[in-house]
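Line by line, the protein sequences give chains V and A.
If you count the first sequence from 1, you need to add 43 to reach my numbering.
If you count the second sequence from 1, you need to add 43 to reach my numbering.
What follows is one structure encoded as structure tokens, with my remarks underneath.
There are 2 protein chains.
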Amino acid sequence: MKTKRIDVFLLPALLGETDLSGGVAVVIDVLRATTTITHAIAHHADCVVPLLSVDQAKEEGAKTPSALLGGERGGQKIDGFDLGNSPAEYPESTVRGKKILFTTTNGTKAMQACRSAQEIFIAAFVNLTALCNQLADCEQIFVVCAGTEGEITREDVLLAGAIVDHLSADATQPIELNDQAQIAADAWLEAKTGLTATSLADRLKQSRGGRNVLRLGQENDIDIAATLDKFNVVPKLNPQSWEIRDSRNSTP
Amino acid sequence: MKTKRIDVFLLPALLGETDLSGGVAVVIDVLRATTTITHAIAHHADCVVPLLSVDQAKEEGAKTPSALLGGERGGQKIDGFDLGNSPAEYPESTVRGKKILFTTTNGTKAMQACRSAQEIFIAAFVNLTALCNQLADCEQIFVVCAGTEGEITREDVLLAGAIVDHLSADATQPIELNDQAQIAADAWLEAKTGLTATSLADRLKQSRGGRNVLRLGQENDIDIAATLDKFNVVPKLNPQSWEIRDSRNSTP
């Protein structure tokens, strides 16, 4: 029986020279990029295109006038953009059928760091179970936490740990974890003790990312981000086309 | 009442541009450098001098023929050295009154990274309580995990979490933690659930550092490293003289 291997990286920089080409990557930026992208895809956006710079997004937007521009700098909506980085700004009435050109500070960089993986999935608490079902048959999984401005953030680590815990509980084969995966799982198991949706939200509010979001007056976004399994959808980033689509609708 | 602040760094590289000059640093390399140094100091070595290279240690040794050369490369004792990196090699009969010129792969680098701190303490499970008593009145503490070859290792993170947990329990003032400190504390609290000396040793054996030590056939070193509060001693590295001495005998 083949071993399943899960390697967690608490920051993209910790990937170092790791070769992702033999595995599947999972990108985490709970507050708020990957939570927001999951909302957009669950609400039937055609696709989300993650872009590194504001200029790139504006250039692409000029070429595709029907597209929406979304994202943040310093947590705030960008001048001239249609949407910010709050999941609440991405209801079906706004995004259905739309291409969304999306740029955020940390999440987009984490996706770029995973570019060489066979497949790239987008993870949030709102799609935890759907994601883990998708990963059930993958032999080598790289889970990459975006962090905030080069610092490890607890909210991303907790989700990484939840993924490790979920996959370990479901696995029929032996699982190998790197130390960062073990640490993330420890953190999640400690958080899970007596966990309710409220206490997960409370923990997220204490994290570095959470404090940033509170400072922006967006507490509601944290409550949304802490809602486990709100959606049964897995956004998938195609490394060639660089578009994120519902994994059920995307070509491999 | 002044706030106490504890910042944990899961690797020296994660210090980034952090300015340590306003605080006290704690260096952790549980398997095995800081455990071994604590044994040497508890067994009345005169001092331990942490050196980056084998050549440096040999040069210093040539100048001080009474000194002992200790340390490892690839976990093994170095050719021409008196002692390796196993705590069992540092009994009082060997080290009492001796100067020890000591070089290890990861621990020494972590100490170098802390060079600008006001004071530098050496931490291990074998001196956890003594260390925490020493830190009780410090307002800004930087806890730096050595890791192994640039990778985060669980055994160092568990000790960092134990220090955070211990200081938080004892504190009479509010405590601020960075996210890495919160994650380390989560990992320790999860490990502590039902903890016995055996299960701490077992956890250390599963870690990256632990697997390395097992590969070297030094399982006993892990059991020693997992012995909580074996000693009531805190080795202190003087940033000027670059010597580690018992904090009770060292000048500030």
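Note that CB positions come from ideal geometry on N, CA and C, so glycine has one too.
I need the boundaries of the beta strand (DSSP E) containing T146 (chain V), first residue and last residue.
K142 to T146
Given 8 Å as the limit, is there contact between the stretch 198-215 of chain V and the stretch 187-204 of chain A, that is, 3 or more CB pairs closer than that?
no
Identify the contact partners of V200 (chain V) in chain A, using a Cβ-Cβ distance below 8 Å as the criterion.
D222 and I226
For a quick check, are the C-beta atoms of S226 (chain V) and K47 (chain V) less than 8 Å apart?
Here residue 226 (chain V) is Ile; the residue named in the question, Ser, does not match the sequence. Taking 8 Å as the Cβ cut-off, I226 (chain V) and K47 (chain V) do not qualify as a contacting pair.
Measuring alpha carbon to alpha carbon, tell me which of A:R75, A:A268, A:T81 and A:K279 ends up nearest E135 (chain A).
A:T81
Counting only Cβ-Cβ distances shorter than 9 Å, please list the residues of the stretch 53-69 of chain A near chain V, keeping chain order.
L53, L54, A56, L57 and G59
Spatial distance of D199 (chain V) from I71 (chain V) (CA atoms):
6 Å
Could you check what DSSP says for L57 (chain A) in three-state terms: helix, strand or coil?
helix
Since I84 (chain V) contacts I287 (chain V) with CB under 8 Å, what's their CB separation in whole angstroms?
7 Å
Exposure label - A105 (chain A); buried when at least 16 CB within 10 Å
exposed
Would you list, in chain order, the members of the stretch 241-265 of chain A that have their beta-carbon closer than 8 Å to a beta-carbon of chain V?
Q249, S250 and R251
Under 8 Å Cβ to Cβ from L257 (chain A), same chain only, skipping five residues before and after it: list those, please.
K248 and I265
Where do the ends of the alpha helix (DSSP H) carrying E103 (chain A) lie?
V97 to K106
Decide if the stretch 153-165 of chain A is in contact with the stretch 110-130 of chain A; the criterion is three or more beta carbon pairs, one per stretch, under 8 Å apart.
no
Taking the continuous alpha helix (DSSP H) assigned at R258 (chain V), which residues delimit it?
R251 to R258
What is the DSSP secondary structure of I71 (chain A), reduced to helix, strand or coil?
strand
K152 (chain A) lies in the alpha helix (DSSP H); which residues open and close that run?
G150 to A156
Please compile the residues from chain A whose C-beta is within a distance smaller than 8 Å of the C-beta of E233 (chain V).
D229, A230, L232 and E233
Sort V:A268, V:N275 and V:A131 by Cα distance to S242 (chain V) and report the nearest one.
V:A268
Give every residue of the same chain whose Cβ lies closer than 6 Å to the Cβ of T151 (chain V), excluding the five residues on either side of it in the sequence, and list them in chain order.
P93 and L95
Contact list for the stretch 165-199 of chain V against chain A, Cβ threshold 8 Å
G193, E194, I195, T196 and R197
Residue range of the alpha helix (DSSP H) that E162 (chain A) falls in?
Run containing E162 (chain A): none in the alpha helix (DSSP H); it sits in the beta strand (DSSP E), E162 to A166.
Does the distance from the C-beta atom of A160 (chain A) to that of L58 (chain A) stay below 8 Å?
no
Between C181 (chain A) and K142 (chain A), how many whole angstroms is the CB-CB distance? I'm expecting something under 8 Å.
Their Cβ separation, rounded to whole angstroms, is 28 Å, which puts C181 (chain A) and K142 (chain A) out of contact at 8 Å.
Given a threshold of 16 other Cβ atoms within 10 Å of its Cβ, counted over all protein chains shown, does T147 (chain V) qualify as buried or as exposed?
buried
Secondary structure at C181 (chain A), three-state DSSP: helix, strand or coil?
coil
What span of residues does the alpha helix (DSSP H) with D122 (chain A) cover, start to end?
No alpha helix (DSSP H) contains D122 (chain A), which DSSP labels as neither H nor E.
Taking just the CA atoms, how far does V138 (chain V) sit from R197 (chain A)?
43 Å
Can you tell me the Cβ-Cβ gap for E228 (chain V) and G204 (chain V), rounded? I've got them flagged as a contact below 8 Å.
In the sequence under discussion, the amino acid at residue 228 (chain V) is Ala, which differs from the Glu named in the question. At roughly 5 Å, the Cβ-Cβ gap stays under 8 Å, so A228 (chain V) and G204 (chain V) are in contact.
Rounded to whole angstroms, what's the CA-CA distance from A234 (chain A) to L232 (chain V)? Just pull it up for me.
10 Å
At what residues does the beta strand (DSSP E) containing E219 (chain V) begin and finish?
I218 to L220
Run the CB neighbour count on D98 (chain V), radius 10 Å, all protein chains shown included, and call it buried at 16 or more, exposed below.
exposed
Could you spell out the range, first to last residue, of the alpha helix (DSSP H) harbouring I267 (chain V)?
E262 to A268
Can you list, in chain order, the residues of its chain with a C-beta nearer than 8 Å to that of A88 (chain V)? Leave out the 5 residues immediately preceding and following it.
Y133, V138, R139, G140, K141, K142 and I143
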